[in-house]
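Residue numbers (the working numbering), protein chains in the order written: chain A, 38 to 206; chain B, 547 to 1343. Beta carbons: idealized from backbone N, C-alpha and C, even for Gly.
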Amino acid sequence: MSTPTRTGTSVSMTVNGKQVDRHVDPRRTLSDFLRRDCGATGVHLGCEHGVCGACTVLLDGRTARSCCTLAVQAQGADITTVEGMADGAELHPLQEAFWKHHGLQCGFCTPGILLTVQELLADNPDPSDEEIREGISGNICRCTGYQFIVDAVRDAAAVLRGEKATEAE
Amino acid sequence: MTASTDAAATTPMGYGSMRRKEDARFIRGKGRYLDDITLPGMLHSAILRSPYAHARIVSIDTSAAEAHPKVRAVVTGETLTGLGLAWMPTLSHDVQAVLATDKVRFQGQEVAFVVAEDRYAARDALSLIEVEYEPLPAVVDARTALDPGAPVIRDDLDGRTDNHIFDWEAGDAAATDEVFARADVVSTCDMLYPRSHPAPMETCGSIASMDPVSGKLTVYTTTQAPHAHRTVYALVAGLPEHKIQIISPDIGGGFGNKVGIYPGYVCAVVGSIVAGAPVKWVEDRSENLMSTSFARDYHMHGEIAATADGRILGVRVKVLADHGAFNGTAQPSKMPAGLFHVFSGSYDMPAAHCSVTGVYTNKAPGGVAYACSFRITEAVYLVERLVDVLAKDQGWDPAELRMNNLLRSEQFPYTTPLGWEYDSGDYPRTLTLALEKAGYPQLRREQAERRAAYERDGTGTLMGIGLSFFTEAVGAGPRRTMDILGLGMADGAELRVHPTGKAVLRLSCMTQGQGHQTTFAQIVAEELGISPDDIEVVQGDTDQTPFGLGTYGSRSTPVSGAATAMVARKVRERAKIVAAAMLEVSADDLEWEKGAFHVKGDPAAVRTMNEIAMAAHSDLELPEGVEGHLDATCVYNPPNLTYPCGAYVCVVDVDPGTGQVAVRRFVAVDDCGVRINPMIVEGQVHGGLADGIGMALMEVMAFDPDGNHLGASFMDYLLPTSMECPSWELGETVTPSPHHPIGAKGVGESATVGSPPAVVNAVLDAIGVRHADMPLTPAAVWRALRGDPLRTDLAIS
C-alpha cells in the first residue's frame, strides 16, 4: 500500500510539522494516507462513514474526518495528528489530563477526541460541562461513558488558561 | 464520583487508584492495534458478502476477479471444501459456514475472499465476482421459526426438517407451579430484549502469516481469548498446536464481540497459505454490525407470583431465543442459555423455573456478547421488569417491594431455587445507599408535583424514576461445571522476579481496555511490595503466556486475579526460604511486612524483596530441594463464581409532545467486593451505564420482512454520545467474596447488566405505561403514550 503509484496525483502537505510529498491515487483517503504512508497510526478507523470521529485530525487548525477526506484534498494543508500533540517527551496538557482523569480505556477513540477537544478549547477556552459535551458529541466512545473525558477537558482547560499548573507525569 | 481521580496521581504499593500504565502509549497515538501492524510482503483482503438473507447459490464465477492485476488469490467455499475448512465448529457444538457453499443463510454472510496487493484493489475485485443466487423465503421473526411449513434454514444438517435448535430448562417446575397456584397475586409480562450489537470502536481483524519453511502459523488477531483460539485452530486446521502462535495486540474494545472465531480469520489463514505471504483482513463497520456476534434477542414470557402483602413467591419464564442461522453462541458448553438461570435475581423466593427454546433464523449468529455475562443481561432485565410490573399492578412502591424481598446478609452463602450459590452480599445496605444518594422520597414528591401540574394545565415534562437491583454471576468458572469446547475455565499466571527485584507477570486473560496492565501489577504489588511500575504484565501472546480462557464474562479479576494473587504468594513463600538462608534463621522465625521479611521480634534483622531477589539468583546456599530464582506458576480453578451486586436509580424527563427521553440523573451503587483500583472500577461502571442508555433508548438491530439488515451503519445503529449520558453519580459498598484470594469480584459487566431495566423502568414510570419494549425511541414512547403497541414491531419482523 505504501508504494507510490506513478499514475497518481502528487500531493504535498505538512504532517506534524514535517513536509510530506507523495504520489497517491486520487481516491486514497486522507486517513489511509496518514496511517499507511506517513506512519501516523494514531489515526484510527472506527466506521469510515464519518460518524464515530476516531479518525479526526486537525487540518489547518480545524477538525476534519480524515476518513471522509481525500488525501489530494489536503494538498498544501497543515495536518496535526495525535502524534504531533506532545512536545517531545512533554505531553500536551490535554494528554496529561486524560491520563490523570482516566479519560480513556481501550484508547481507540482517544486520538480523535484529543484533537476535537484541542479545537474546542481553541474556540472556547472556558467551556461549561454542557459545552464540553456538545463539543465532543461527534466522537463516539464505547468504554468511558464520557464522564471522565468531560472531567479531563475541564481540568485541561484550566491548565491551558494558566489557572492550574500542569501536573508532572 | 470523582473522589478517586485526584488520588490517581500517586502510585500505591497495592490497591488504590493509580494512573494507568497503558495510557502512556494510547494518548500519544502509539498503541499498536491490529490494523497498525504491517508485516513484510503483507497482502490485503476483502470479503464478498451475501445480499440475500436466504438464497441458494447456483454458481460463483471468480475468473474476472482473478484476472485483476493486483489480485493474488480468490478463495471460495469450493477452495475451502478441498481443505476441509468450508465449515467450522462453533462454541455451541454447531457448525458455521466459513464461505457459503450450498446456500447463504443471512444477509452479509461470507461468500468469497479476495487477496490483493492493497485493500483498494481487494475491494475493487469484489465487484468482479459473479454470483448467481436463487432467493428463498427468509425466516425473520423468531416467533414464526417453528411454524409448520417454515423454510428450513439448516438443511445442511442431517435429517433437519425444522428450525429448532434446543430446548433447555432449569429450576423446579412442580414447585414453581405450586407457588403460583397458592399466590394471591400474579403478574405477567411479555417482553423482548431486542437484538443489539457490542459495536466496539475497533472492528474485528486478523493477520495470518504461514511460514512455509518452519511450518509455523502466526496470527495477529483481535481476540479476547488467544489461547482458546490457538487450540481451536489446531483442532480445526489440523496444525500442530506448538506451531501456532496467536498474538492479540492492543484491542480497541471487545465487549464480547471478539471472543469467537470469525470466517474472516479462517480465510486469512487460508489466504496466507494459498498466496504464500502474510494476509491482513480487517472488516469495515457494516461488516462488523451485519456479521459478527450480536447480543440478546430473547423473547421472554415472564410471570411473577406474590402474596397479598408483597412477598415474592416465584418467577416463571418461557424464552424464545433467536440464535440466527448458525448456533455460534459463546458460552460454557453445558449451558445453552448461558447463566440465564440466575433470573431469580436478588430476591428470596422459594421457587423459580425457566424453559428456553432456541431457534434458527436467517440472521447472523451470536447471542452472547456485549457485556452480558452469559445472558445475565436478559435475566436481570426480566426479573427487574417483572418486579416493576407487579408493583404497578398492585399499586406498590417499587423500592419498598424490592427492599422487602431482598436477600439478607445473614442468608449468604445463599443457594437460589435455580441452584446458584451466591457468595456474599449486603443488599439492603446497598439499596439503602442508592436511595439515599438519589434522595428517593424527595424525587417521588417532585414527581407527584410535576404530574399534578401536567394534568392540571398540560405543561412541563413527565418525570420518571426507575430502579434496578441486580445480582451478577461472574468469573466462569469451576471446571467441573464450566468449559468452553471441553476446555475447563481455569486461568494461568506465571510470575518471575528478576535479580534486581523487578518482575514480569504473564497472564492468560486479555485486556481490551479494562486496565489489566495496571490492576494486575497492583495485585502483585499488594502481595509482594514491589511497585506496580516495576511489574510488566504480559498478555495476548500464546507463545509467552500460560494457557487460559481469556477475558469475557467479567472473569479476569475472579479467575486470573485469583491466579495472580496465588502465584505471588508462591513467590513469597520462596522468598521466605531465601530470606531465612540469608539471615541464617529458620523460615518459621520470619515475619512478613509488605516488601520484606524480618526476624520475629527483631525488626532490624530484615531482608527486602530487592535483596532477596538478588540473593535468590546468587551463590547463596539454599536448603536442599530449593532451586533458587524467584518464580512460580499457578493455575486457578475457581471454586465458585463471584456475585457482585448493585442498586441503580435512574431519573428521566420525558417530553410528552415528542416522546423524547432525557436521562437527568443516574445513581449507581456497585458492590464488587475489594476494589483493586477504584478509579478503574468507576470507569468500568461509567462505560456500562452508557451501554444501558444505549440499549434502553437507542440501539436495535432491526430487519425488514425479507431479512434485510436495517442497522448496518452508525447512521442507523445509534450509540449514545456525550449528549445522551448524564454525569454519573456513583457509590459503593464493599462485601468481599469469601472464596476469592483477595476478596475481589468481577465488575466489568455489572453496569451493562444492571442499567437497562433502570432506564426502562424510569421511562415507563414517567409515562404510566405497564410495558413497552426497548429501545424506547421517541417514536416508541410517543406511540406508547397513545396506548399503541407495546412491543417494538421493528425489532422482530
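Chain B contact for residue i (CB, 8 Å cutoff)
i        : result
A/Pro41  : Low confidence applies to A/Pro41: its pLDDT is 45, below 50, so where it sits in the model is not reliable, and the reading given next is rough at best. Judged by the 8 Å Cβ criterion, A/Pro41 is not in contact with chain B.
A/Leu128 : yes
A/Lys137 : yes
A/Gln184 : yes
A/Phe145 : yes
A/Ala77  : yes
A/Gln132 : yes
When the options are compared against residue i, the one with the closest alpha-carbon
i         : options                                 : result
B/Ser1014 : B/Gln940, B/Ser1296, B/Leu682           : B/Ser1296
B/Ser591  : B/Ala611, B/Ala599, B/Tyr916            : B/Ala611
B/Phe840  : B/Phe652, B/Val812, B/Met756, B/Lys789  : B/Phe652
B/Ile753  : B/Arg728, B/Leu1095, B/Pro795, B/Ala691 : B/Pro795
A/Gln184  : B/Ile711, B/Ala1330, B/Ser1268          : B/Ser1268
B/Val933  : B/Met949, B/Cys918, B/Arg921, B/Ile922  : B/Met949
B/Leu952  : B/Val914, B/Arg990, B/Ser890            : B/Ser890
A/Asp97   : A/Pro148, A/Thr181, A/Asn53             : A/Asn53
Span separating the alpha-carbon of residue i from that of residue j
i         : j         : result
B/Val1084 : B/Phe801  : 20 Å
B/Thr1154 : B/Leu1041 : 18 Å
A/Phe145  : B/Arg831  : 14 Å
B/Ala1341 : B/Pro635  : Only weak support exists for where B/Ala1341 lies, its pLDDT of 39 falling under 50; the coordinates are left without a value.
A/Ser174  : B/Ala1151 : 60 Å
B/Arg1002 : B/Leu1008 : 13 Å
A/Gly45   : A/Asp62   : 4 Å
B/Pro1104 : B/Gly1086 : 18 Å
B/Asp1319 : B/Pro740  : 8 Å
B/Phe572  : A/Pro130  : 15 Å
A/Thr42   : B/Leu763  : Per-residue confidence for A/Thr42 stands at a pLDDT of 48, beneath the threshold of 50, marking its modelled position as unreliable; the derived number appears in the next sentence. Whole-angstrom Cα-Cα distance: 32 Å.
A/Val119  : A/Cys92   : 10 Å
A/Val196  : A/Ala202  : 6 Å
B/Pro911  : B/Ala871  : 6 Å
Amino acids of chain A, ordered along the chain, whose beta-carbon sits closer than 8 Å to that of residue i
i         : result
B/Gly1061 : Gln142
Below-8 Å beta-carbon distance, residue i vs any chain A residue
i         : result
B/Ser1301 : no
B/Ile606  : no
B/Gly799  : yes
B/Gln1058 : yes
B/Asp1353 : Look at the range of chain B in this structure, 547 to 1343, and you will see that residue 1353 of chain B is not part of it.
B/Ala1236 : yes
B/Tyr579  : yes
B/Lys1146 : no
B/Phe572  : yes
B/Arg595  : no
B/Asp1080 : no
Contact with chain E by residue i, beta-carbon distance below 8 Å
i        : result
A/Thr118 : In the structure shown, chain E cannot be found, because the protein chains are A and B.
Cross-chain neighbours of residue i in chain A, by beta carbon under 7 Å
i         : result
B/Trp1274 : Gly182, Gln184
B/His1232 : Thr181, Gly182, Gln184, Phe185
B/Thr1267 : Ser174, Ile177
B/Gly1229 : His139, Gln142, Thr181, Phe185
B/Asp648  : Result: empty, since nearest Cβ-Cβ is about 32 Å, beyond 7 Å.
8 Å Cβ cut-off: residues of chain B touching residue i
i        : result
A/Arg64  : Tyr666
A/Ala101 : None at all; the shortest Cβ gap to chain B is about 16 Å.
Partners in chain B for residue i, counting only beta-carbon separations shorter than 7 Å
i        : result
A/Arg191 : Here the premise fails: no neighbours, minimum Cβ distance about 10 Å.
A/Pro164 : Those do not exist, as A/Pro164 stays about 12 Å from chain B at its closest Cβ, beyond 7 Å.
A/Ala202 : The contacting residues do not exist; A/Ala202 stays about 12 Å from chain B at best.
Residue i beta carbon near the ligand NAP (any heavy atom closer than 7 Å)
i         : result
B/Asp1201 : This structure does not include the ligand NAP; it has no bound ligands of any sort.
Contacts that residue i makes with chain A (C-beta to C-beta distance below 9 Å)
i         : result
B/Cys1271 : Arg170, Gly182, Tyr183, Gln184
B/Phe1260 : Gly83, Cys84, His86, Gly87, Val88, Cys89, Ile177
B/Phe1066 : Ordered by position in chain A, no residue passes the 9 Å Cβ test against B/Phe1066, which lies about 15 Å from the chain.
Neighbouring residues, chain B, relative to residue i (Cβ below 9 Å)
i        : result
A/Ala123 : Ile573, Arg574
For the stretch 735-759 of chain B, list every residue whose C-beta sits within 9 Å of some C-beta in chain A, in sequence order. Pro744, Ala745, Pro746, Met747, Glu748, Thr749
Under 9 Å (Cβ pairs) to chain B, residues found in the stretch 79-93 of chain A: Gly79, Val80, His81, Leu82, Gly83, Cys84, Glu85, His86, Gly87, Val88, Cys89, Ala91
Looking at chain A, which residues of the stretch 1318-1330 of chain B have a Cβ within less than 9 Å of any of its Cβ atoms? none
Of the residues that make up the stretch 1177-1196 of chain B, which ones have a beta carbon closer than 7 Å to any beta carbon in chain A? none
Residues within the stretch 814-834 of chain B neighbouring chain A, beta-carbon criterion of under 7 Å: Asp830, Arg831
In the stretch 147-159 of chain A, which residues sit with their C-beta less than 9 Å from some C-beta in chain B, listed in chain order? Answer set for the stretch 147-159 of chain A: Thr147, Pro148, Leu151.
With 9 Å as the limit, tell me which residues of the stretch 1200-1225 of chain B have their beta carbon closer than that to any beta carbon of chain A; keep them in chain order. Met1225
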